[in-house]
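Written out below as structure tokens is the structure these notes cover.
4 protein chains.
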Amino acid sequence: MRLPISEEKVFKDPVHNYIHVQDDIIWRLIDTPEFQRLRRVRQLGTSYMTFHGAEHSRFSHSLGVYEITRRIISQFERRGYSDWPAEERQVALCAALLHDLGHGPFSHSIEEAFEMNHEDWTCRILLGDTCVNKVLLELGADFPERVASVIRKTYDKPIVMNLVTSPLDADRMDYLLRDAYYTGVNYGTIDIDRILRMLRPHRDRIVVKESGMHAVEDYLMSRYQMYWQVYFHPVTRSSEIILRQIFRRAKELYEAGYAFRFMIEPLPALFEGSLTVQEYLRLDEALIQTAFLQWTSESDPLLSEICGRFIHRKLYKYIEIDTGNPETIDAVRQAFRDAGLDPAYDLEIDFPTDLPYDKFHSGMPLNEKQILLLDRHDQLREISEVSDIVRSISGIHKGRNYLYYPEERVEPLLDRMPAEIADLFRRQG
Amino acid sequence: MRLPISEEKVFKDPVHNYIHVQDDIIWRLIDTPEFQRLRRVRQLGTSYMTFHGAEHSRFSHSLGVYEITRRIISQFERRGYSDWPAEERQVALCAALLHDLGHGPFSHSIEEAFEMNHEDWTCRILLGDTCVNKVLLELGADFPERVASVIRKTYDKPIVMNLVTSPLDADRMDYLLRDAYYTGVNYGTIDIDRILRMLRPHRDRIVVKESGMHAVEDYLMSRYQMYWQVYFHPVTRSSEIILRQIFRRAKELYEAGYAFRFMIEPLPALFEGSLTVQEYLRLDEALIQTAFLQWTSESDPLLSEICGRFIHRKLYKYIEIDTGNPETIDAVRQAFRDAGLDPAYDLEIDFPTDLPYDKFHSGMPLNEKQILLLDRHDQLREISEVSDIVRSISGIHKGRNYLYYPEERVEPLLDRMPAEIADLFRRQG
Amino acid sequence: MRLPISEEKVFKDPVHNYIHVQDDIIWRLIDTPEFQRLRRVRQLGTSYMTFHGAEHSRFSHSLGVYEITRRIISQFERRGYSDWPAEERQVALCAALLHDLGHGPFSHSIEEAFEMNHEDWTCRILLGDTCVNKVLLELGADFPERVASVIRKTYDKPIVMNLVTSPLDADRMDYLLRDAYYTGVNYGTIDIDRILRMLRPHRDRIVVKESGMHAVEDYLMSRYQMYWQVYFHPVTRSSEIILRQIFRRAKELYEAGYAFRFMIEPLPALFEGSLTVQEYLRLDEALIQTAFLQWTSESDPLLSEICGRFIHRKLYKYIEIDTGNPETIDAVRQAFRDAGLDPAYDLEIDFPTDLPYDKFHSGMPLNEKQILLLDRHDQLREISEVSDIVRSISGIHKGRNYLYYPEERVEPLLDRMPAEIADLFRRQG
Amino acid sequence: MRLPISEEKVFKDPVHNYIHVQDDIIWRLIDTPEFQRLRRVRQLGTSYMTFHGAEHSRFSHSLGVYEITRRIISQFERRGYSDWPAEERQVALCAALLHDLGHGPFSHSIEEAFEMNHEDWTCRILLGDTCVNKVLLELGADFPERVASVIRKTYDKPIVMNLVTSPLDADRMDYLLRDAYYTGVNYGTIDIDRILRMLRPHRDRIVVKESGMHAVEDYLMSRYQMYWQVYFHPVTRSSEIILRQIFRRAKELYEAGYAFRFMIEPLPALFEGSLTVQEYLRLDEALIQTAFLQWTSESDPLLSEICGRFIHRKLYKYIEIDTGNPETIDAVRQAFRDAGLDPAYDLEIDFPTDLPYDKFHSGMPLNEKQILLLDRHDQLREISEVSDIVRSISGIHKGRNYLYYPEERVEPLLDRMPAEIADLFRRQG
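First to last, the protein sequences are chains A, B, C and D. Residue numbering for the first sequence is 1 to 429, as defined by the UniProt record's numbering. Residue numbering for the second sequence is 1 to 429, as defined by the UniProt record's numbering. Residue numbering for the third sequence is 1 to 429, as defined by the UniProt record's numbering. Residue numbering for the fourth sequence is 1 to 429, as defined by the UniProt record's numbering.
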């Protein structure tokens, strides 16, 4: 079913100007409680503590991913490319819109703390007793499962998965643009119109016309810059560390039978690892922030302190350390222990890492993690074979080790630590 | 105390590019729990339900107001204008930064529902036992009171109040730019650089050089458009109506001794009107949203329904009605009652109104609500005397009456209503 | 004939991002010498002397007008509106692309000085022995005449003319956006996407869906501001006055048989009013500027002086005078004469004027100069009946009289003039 | 002499919003005929034939370079950095403003064709009998020479030259931003505010605080992209090739005593290599375009043809050829000759090349072509030692060979050429 085309609806969007909804099913999926819940989950987790503008939600991003996918497919349809399976339009649009449906509050931290996976949750919501499931069922008894299998990457049409998940997919394009817009960091401004114009369905996958190569280079550079400027910013990592400590401490206390002054459903099920879909859908960032604010009054001094740190943004300080030297970290840990600190909470090591683009070894067969260029003779080449820039940067496996610590507790004790350890902290402090 | 100028700190901001912090006191005020709390209060309340991008907080806006004020004052200092009292710099900057400190969650609705006033709360926080108060005290025992009196508009330097609150103040300039940026509505893009360049301290107030007239016209038009396109958007009003209904119903139930399944401090004190400063500071939008989500499971069917409407964005529908005819509204109300509906919750009338610019009657003395132009002969004239555009629009007292109602309950009952009432709903429905 | 749609070509454009060429005829028209000539005619004449960024050509603007028209028509086609005559697509696109083909160098001034009209020239080029004519002929023997009759406003399909020329046409929309972009003046930033979305073919004309009213209000305000900030800027008018003086003086000298040291074809034919199409097409701004630069060495001191003023930007100074008082102007003229000045060259009066929007008298029948809104009941209303803002501003018939004069010659002679005249100049000087 | 600070003047600029003029000398230099002449020389030469928006002049760019320099110096002054010699402010500002004063029409091509150098001409204009010279003299008898020696890079204050000319100077920053703005290519959007904030005077040069490293990486990537997307675009190169052919042919004809139907001063002096400063200043792009348009009617068929190509944009076609194989080029040349073509005009080889950043060999002493980072311990490091990205790309010495040729003449003759040569043209044609 499709809205009459003259009745297209729009959402005003700062990144794409307008989000165009032309299919009735998209309109109704947006209107479900499960999709509306994404308004209460921030796109960039705790990044707003570093970039105060980054308060946008996964709701906005999901609409953006849908819109880019819609534009790609419309272009394929308008130009009549025979390699695009026209009957897959709705599966692809729904998968694009719903791919983040399973994200929990402060997603990366909560997943790490409780060993969950948002893609699993997306599939459970798609297939469970939910409004989203009901809307999808109207397009066929197997439709929810088709959408879920795109998410799971087991769908039998590889081109649909390649459209929705690839190194140059609508998800990445939207988040670069959107995160750049909301943080104010202008490195993410890619020429999306040009990239979209250059995409072609080609057999089982989406490739890029060779003349779009420079636009893809620019996209990969933007991605690299956004990782280092925004996603891996040490202040953001510091707040995520506090967040994981809170989750860890609360779970320890819960398991030890501690009597919380404030406890709220479904946190107990979260601690126990027994969340149902219905319970999971009640988890949002409002609930987490409310719990943390209440826990600032808990009697456990550690929980109370770290909750206060998160709520009032009193983050851990950090120093950079040499990545090549694991003994240093052990020595610091020992020095902390000797000085009476608790390395489990007073010292955190963080090693964010990302490859700007992973070309794999030459000689490997083409695979779905590569970006392929289509030349005028219809030959495919992996982009780093053609682009000097991409070849140059694809080998960079950059990363920095940071140590995070509570300044107030650690600095008075530096005198009790070995001089070379204390110096590490004093030089950068 | 001022940061060494070479140690200026910055915040990346999407609207002003960078927020420059040059005074140590500003840096430390931003770092207080009371100011950090503004991250958990949205700048535009429920507007995000209409414009999904409008998820920005009062924290961002407050930094923006500070930055604009800082730029104005720096310019006055750099140019050495003698009418600007240089010693007022810090009072003005602090008042600019802190002017919204007392805003509660979903501020306009909560103020209306519980008869509170955010400026009172700002002053209570400035003067109470808070971290903000402690930081301000370092600049002098009377410093908190000086800042509060600017907020209260009783300070003895009128030019400082005029800088912080006037029809062309930093507050309005920041919110036009910021709300335009986050909603994506481009009507709010004013030429702030030009306006700032044209501002002059003149005796007791801030005036505009005559050659800046067109920039001010444009600013007033932007303001007008933003009111009608964004601030008064009927979908936003609809969500605010639901919000007020929830507050009203919860208070009724609380006063009637209803046993809430979920209740959280400091809501009882809010219902009782007995909030202390410490309690007030625990109120934020996370807490309100959490309460509402939990209340969707309350046994009171009305509370449960309207909380579900708010959380899942199932808003009331609306029709526009003739503003000149109060009997119509009475007739609708009666028809609702006769059909078995409850006009207290099933029917809401809303009449948003704003003047683009209020010039007051000619012949009135100049006052602080007017925008004054300074000509080359140092004469002041109220802007609508000079600008055809401003004169033309300043008489427009526009407004539209909307009736809001729960579609699912009302529409099946239209047949039982008088035909001319039912038609009102059917024609626009 | 149409390019295969998958072979669409694009031009990178700063205003519309990309100009999309989908019809072979458009591609070939752009490639004609007559269209390429528009690269050598600036869009804003002498405005670059006031706004140094405004160096863009009519070539850029013409592509922009074409692109907006293409977008409107594509939307009409996609939505299948029955009131749009699909077979008129190519006539409309060609007329949009070519509507400025007849503009000469510094068009407004040259037209005024030599009593020419660019629309006549456009038609002569369309119908004459030109490459443009040959390309058009391929679509039918009557095709050039069909395009010309749209320009002349005698075409028998009023909706095509209304699309190409109306108060809300592609021409005006492009020039507001483009002139704003190149001058850097941000008043021209209209929400073109929204306006385009709201346009509807309705019987014989293009109307606007009522929900687009605010976007149209904003467009009219932008237009008003651009007129006063950019198009009527007194510095620009001053340079146009010099330009007209040069044309006038050169013609006088030519007619008097003066022996020019430098003369170049086709200037003699311009002076004689006998330009052929082929000669007209050799006129461009490079030729005019070259002549003026060479003429700075002419023996006629007046011609040499005013050419130097234009080339080296030594413009006339200006003062504003009361518009209500024609005797003042006569008195100034007399005073100039008495002081030994030549009012024909030493004094110019300029009275730019524009209506932001001309609603005509109420009670008049609807006409093509009005903007009509289409409400949900398919009723048309002229916009000023519905919009308070448009009604308020449509009565403003604003204008300012300026006197322009050569400061170096006039100021030393002010002492010889009556005190009240001299004062006029001294007060503003 | 400085304008009273409260009387600062501004130019509206699309790139920097406003250009602020605070020194009287700058105001008066802008007003000279020599500086105004830059309005008639395009910043990007023939790039407007590829990117129709790129019609901006060296006048705009020169103001931009001045503005960035002013901002850097103001910041140094405001922060009181002792390594910045405050007395050099005016020399630096004048050199920044005037550094492009000697650019001729279509500068790169004319310099190549006539073996001229724009920096020499800049110095001749600064020191010759010009208005610019007179204005500069007011600041001291040696002031013109001081400015000239900055241009020549012989000034005795290296930090001033480093500010005006370095891999990260105001010139490059302005042209990246400005050319990106006018072409519409968004790769040039660098975070100039951040780069400027990070610049520090350090002994004899300008260095970058280490925390600005990512902004510099982004700047170098932008530069790289702009070179390949814009400056080296083969369509632009094609038009430059035509341009050089015209200059070459006209000179040949002139030297052979050919009787031009149209000839204009100072072209003979240009051909003879005897231009005086006064003659040089009469050269602008209007004159060149006018000559070319007139020459389309010359009797020499080659001159007439290539002038028509330039004026009507009938450019040479191009194919890419293997850069590693000089014999191929020789073989093509021979095949052309054998087929009766003239390789001197019918075949042009072009090999544009640029290094994104040239780090030089490790172990070399620091020099002025490097970008140095200043860490928190006041140590300097060359950027490619610290930045993985810069190290990766600084080795890329990319370039592509293109062959350009007149399609109409060459293609009919391909059959007469050896098959492997003809194939080269047919495969890409």
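Idealized CB from N, CA, C, for every residue including glycine.
Does the Cβ of residue i have 16 or more other Cβ atoms within 10 Å, making it buried, or fewer, making it exposed?
i	result
residue 141 of chain B	exposed
residue 117 of chain D	exposed
residue 379 of chain A	exposed
residue 320 of chain A	exposed
residue 76 of chain D	buried
residue 325 of chain B	exposed
residue 181 of chain D	buried
residue 301 of chain A	exposed
residue 261 of chain A	exposed
residue 419 of chain B	exposed
I believe residue i touches residue j by the beta-carbon criterion, under 8 Å. Please report the beta-carbon distance rounded to the nearest angstrom.
i	j	result
residue 139 of chain A	residue 29 of chain A	The Cβ separation is near 11 Å, so there is no contact.
residue 41 of chain A	residue 284 of chain A	6 Å
residue 237 of chain D	residue 352 of chain D	7 Å
residue 348 of chain D	residue 404 of chain D	4 Å
residue 430 of chain B	residue 373 of chain B	Outside the displayed span of chain B (1 to 429) sits residue 430 of chain B, for which this structure offers no information.
residue 177 of chain B	residue 332 of chain B	That pair is no contact at about 40 Å.
residue 257 of chain B	residue 114 of chain B	In fact, because the Cβ distance is near 19 Å, the residues do not count as touching under 8 Å.
residue 371 of chain C	residue 167 of chain C	5 Å
Under the DSSP definition of a beta bridge, which residues are partnered with residue i?
i	result
residue 17 of chain D	D:13
residue 57 of chain B	B:42
residue 382 of chain C	C:372
residue 402 of chain D	D:320, D:350
residue 205 of chain C	C:202
Taking 7 Å as the limit between beta carbons, can you name the residues of its chain near residue i, skipping five residues before and five after?
i	result
residue 99 of chain A	65, 122, 151, 164, 171
residue 275 of chain B	266, 269
residue 83 of chain D	201, 202, 203
residue 44 of chain D	54, 179
residue 71 of chain A	196
Could you name the residues of the same chain whose beta carbon sits closer than 8 Å to that of residue i, not counting the 5 residues immediately before and after it, in chain order?
i	result
residue 361 of chain B	With a pLDDT of only 49 at residue 361 of chain B, under the threshold of 50, the placement of this residue in the model should not be trusted; the figure read from the coordinates follows. Same-chain partners within the cutoff: there are none.
residue 85 of chain A	157, 159, 160
residue 205 of chain A	158, 159, 162, 166, 368, 372
Keeping to the same chain, check which residues put their C-beta closer than 6 Å to that of residue i; ignore five residues upstream and five downstream.
i	result
residue 191 of chain D	215
residue 53 of chain C	182, 183, 184
Inter-stretch contact at 8 Å, needing at least 3 Cβ pairs: the stretch 264 to 280 of chain B / the stretch 214 to 233 of chain B: no
Touch test, the stretch 285 to 300 of chain D against the stretch 285 to 292 of chain C, Cβ-Cβ under 8 Å, three pairs minimum: yes
Three CB pairs or more closer than 8 Å across the stretch 411 to 419 of chain C and the stretch 244 to 255 of chain C: no
Contact between the stretch 70 to 86 of chain C and the stretch 212 to 221 of chain C (3+ Cβ pairs under 8 Å): no
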